[in-house]
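Student:
In my numbering, the protein residues as written are 48 to 417.
Structure representation (structure tokens):
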């Protein structure tokens, strides 16, 4: 395969990347008491050594009492956790890599793996996990203001620690996405509303808080999705016009890159408009907003990532369709998840066209930090 497009450099503001490969954020649960240790730093350093252009950390939570749903999810606040993250970024930089933390609040979503619950009440826009499924309590306006400020404080810490970028997690049915989704946002105040644009106010305020903390030159990434883990078939925007009304205000608020999560990157977003080979989610987001975009979703492997949770393995696949779309500039960057989790040298092997040496993915690898 001609992989030149995948290994072309790219600069976005102060971020200078050696290639278009992004390590996708993947929750790993190896940070006891929320503190990333030497094993976590070594895990990320190995990917930088393996030629990954940009590493995005696992979800790391902001300073709210119920921001996480697992005890070993890392924090992005507090002296011990921030010291751990300082060591992580120092190790990644020493290996020539670039990295950003993904800032996260899980909202009302419970853990898949454990019955653990935070000590504070679970919080979300309307106290709903899904349509007609209560969980936790509705956030007050004071809760919302404090959460917005917490994202800003985390971004300021990322800047002080020397991270190269920051990603906000606004996808997959977690807190920010619960504000987007009409099924979980039934608020009647300024953070609710009948339109997607109205329900995006919370996200826009978080973005502005983070942008103020980062300054003008550090790029800001926002991860978004149509699907929710509460409903894989959910769609926030069913037309390009709705997608424009959703995403353009978020870009205007300060987002430089939209990380467009879909379960299978090759699926067209609006096939009724441009056919079965049409633009994917990242392609349409780039076309409608003018922002840089990252595509993600089962890159480099057979089978989608959700199947891993039911015990399905995946084999390596060719990248022809991905490269075809990248070469025509449908999107700018490509996020790789399970393939990089299984093989730290995945990018280097693709670069030298050693596809026979690529590993598949096996679910037990979710329980390892290799």
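Note that beta-carbon positions come from the ideal geometry of N, C-alpha and C, so glycine has one too.
For residue 290, is the classification buried or exposed, using 16 other Cβ atoms within 10 angstroms of its Cβ as the cut-off for buried?
Tutor: Buried is the call here.
Student: Out of 277, 227 and 91, point me to the one whose CA is closest to residue 241's CA.
Tutor: Among 277, 227 and 91, the Cα nearest to that of residue 241 belongs to 227.
Student: Using 10 angstroms around the beta-carbon of residue 236, count the other beta-carbons present and answer buried if the total reaches 16, otherwise exposed.
Tutor: Flag for residue 236 reads exposed.
Student: Could you pull out every unbroken alpha helix (DSSP H) segment of at least 4 residues lying fully inside the stretch 106-142, listed in chain order?
Tutor: Entirely contained in the stretch 106-142, the alpha helix (DSSP H) runs reaching 4 residues are, in chain order, 126-141.
Student: Please classify residue 120 as buried or exposed, where buried requires at least 16 other C-beta atoms within 10 Å of its C-beta.
Tutor: Flag for residue 120 reads buried.
Student: Are the Cβ atoms of residue 200 and residue 124 separated by less than 8 Å?
Tutor: Yes, these two residues count as a Cβ contact at 8 Å.
Student: Residue range of the beta strand (DSSP E) that residue 331 falls in?
Tutor: Counting along the chain, residue 331 falls outside any beta strand (DSSP E), though it belongs to the alpha helix (DSSP H) covering 328-336.
Student: Just mark residue 115 as buried or exposed, buried being the case when its beta carbon has 16 or more other beta carbons within 10 Å.
Tutor: Residue 115 should be labelled buried.
Student: Taking Cβ positions, are residue 323 and residue 332 nearer each other than 8 Å?
Tutor: No; because the gap between Cβ atoms is not below 8 Å, this pair is not in contact.
Student: Between which two residues does the beta strand (DSSP E) containing residue 393 stretch?
Tutor: Element bounds for residue 393: not the beta strand (DSSP E) but the alpha helix (DSSP H), 393-398.
Student: For the 8 Å Cβ check, are there 3 or more pairs between the stretch 269-278 and the stretch 200-220?
Tutor: The answer is yes - the stretch 200-220 touches the stretch 269-278, with three or more Cβ pairs under 8 Å.
Student: Could you name the residues of the same chain whose beta carbon sits closer than 6 Å to that of residue 101, not counting the 5 residues immediately before and after it, in chain order?
Tutor: So the list reads 64, 69 and 145, once near-sequence residues are dropped.
Student: Could you name each continuous beta strand (DSSP E) segment of 3 residues or more that falls completely within the stretch 157-186, going from the start of the chain to the end?
Tutor: Correct list: 175-177.
Student: Could you say which of 271, 162 and 158 lies nearest to residue 72 if we only look at CA atoms?
Tutor: The option with the nearest alpha carbon to residue 72 is 271.
Student: With a CB to CB cut of under 6 Å and the five nearest residues on each side skipped, what residues in its chain are close to residue 158?
Tutor: The answer, listed in chain order, is 116 and 117.
Student: My parser needs the alpha helix (DSSP H) runs of 4 or more residues fully inside the stretch 258-315; what are they?
Tutor: The qualifying runs are 287-300.
Student: Nearest-angstrom Cα distance between residue 381 and residue 268?
Tutor: Answer to the nearest angstrom: the Cα atoms are 13 Å apart.
Student: Would you kindly work out how many angstroms separate the C-alpha atoms of residue 401 and residue 224, rounded to a whole number?
Tutor: Approximately 39 Å, taken between the alpha carbons.
Student: Evaluate contact between the stretch 138-154 and the stretch 102-111, counting only Cβ atoms and requiring at least three cross-stretch pairs below 8 Å.
Tutor: Touching, per the Cβ criterion.
Student: Between which two residues does the alpha helix (DSSP H) harbouring residue 87 extend?
Tutor: Run containing residue 87: 85-96, per the alpha helix (DSSP H) assignment.
Student: I need the straight-line Cα distance from residue 232 to residue 180, nearest angstrom please.
Tutor: Approximately 12 Å, taken between the alpha carbons.
Student: In the DSSP output, what is residue 219 paired with across the bridge?
Tutor: Answer by DSSP bridge pairing, in chain order: 275.
Student: Once the 5 residues before and after residue 62 are set aside, which same chain residues still bring their CB inside 8 Å of it?
Tutor: 101, 145, 211, 212, 265 and 266.
Student: Which one of 321, 317, 251 and 282 has the shortest CA to CA distance from residue 38?
Tutor: Any answer about residue 38 is impossible in this case: the structure gives the chain only from 48 up to 417.
Student: Compute the Euclidean distance between the alpha carbons of residue 84 and residue 169, then round it to the nearest angstrom.
Tutor: When rounded, the distance between both Cα atoms is 27 Å.
Student: Span of the beta strand (DSSP E) holding residue 57?
Tutor: Counting along the chain, the beta strand (DSSP E) containing residue 57 begins and ends at 57-59.
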